[in-house]
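When the count follows the numbering used here, it moves up by one through the sequence shown with no breaks and lands on 267 for the last residue.
Note sheet for the following structure.
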Amino acid sequence: MQSRRKHPIRLTCEAIIAGYVSGSGSAAGGIGSLLLGAHNAAGELVYIGHVGTGFTAKARRELRAKLDELACPDPSFAAAPPRAVAHQATWCRPQLVGDVFYREFTDRLRHPSWRGLRTDKLPHQVSLPGEH
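Here it is in structure tokens:
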């Protein structure tokens with residue numbers, strides 16, 4: 136009989152912040168989730184998912200202030216992100232990079248959780264998870 140892992144395997148990747156969805160409830164005034172991207176093998180910025188967990192209330196407000204300074208009218212992705220995300224999004228120039236925990240990557244991050252900003256990485260250095 137196999138035993139189940141009490142703590143699932145968590146992988147880490149870098150992701151480019153390309154927009155956000157505003158927070159509501161206890162996250163009001165901050166971000167609710169970040170819209171993330173990475174560069175594919177052709178160098179295009181592609182949507183890889185969104186992350187809405189792993190933030191403190193303070194981090195939500197601070198990220199919102201930084202992203203509002205980078206606001207732009209249109210998404211920077213090579214292909215349009217899912218409509219369910221796009222209609223609620225505030226887009227920003229893809230200049231900030233963060234670390235994200237995740238369990239699996241298909242064409243989207245599965246079970247992502249925010250770790251924090253990466254000031255040592257530039258957006259052009261970020262590729263799809265598993266591609267280096």
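By construction, the Cβ of each residue, glycine as well, lies at the ideal position given by its N, Cα and C atoms.
Those runs of the beta strand (DSSP E) which lie wholly inside the segment 139 to 220 and span at least 3 residues: 146 to 157, 166 to 174 and 180 to 186
Extent of the continuous beta strand (DSSP E) run through Ser248: Ser248 to Leu252
Close-in-space but distant-in-sequence residues of the same chain around Ala176 (CB under 7 Å, 5 per side omitted): Glu266
Cys227 in three-state terms, based on DSSP: strand
For Leu244, the residue or residues it bridges with in DSSP: Phe240
Selected residue, minimal CA-CA separation from Arg250, among Ala194, Ile144 and Val181: Ala194
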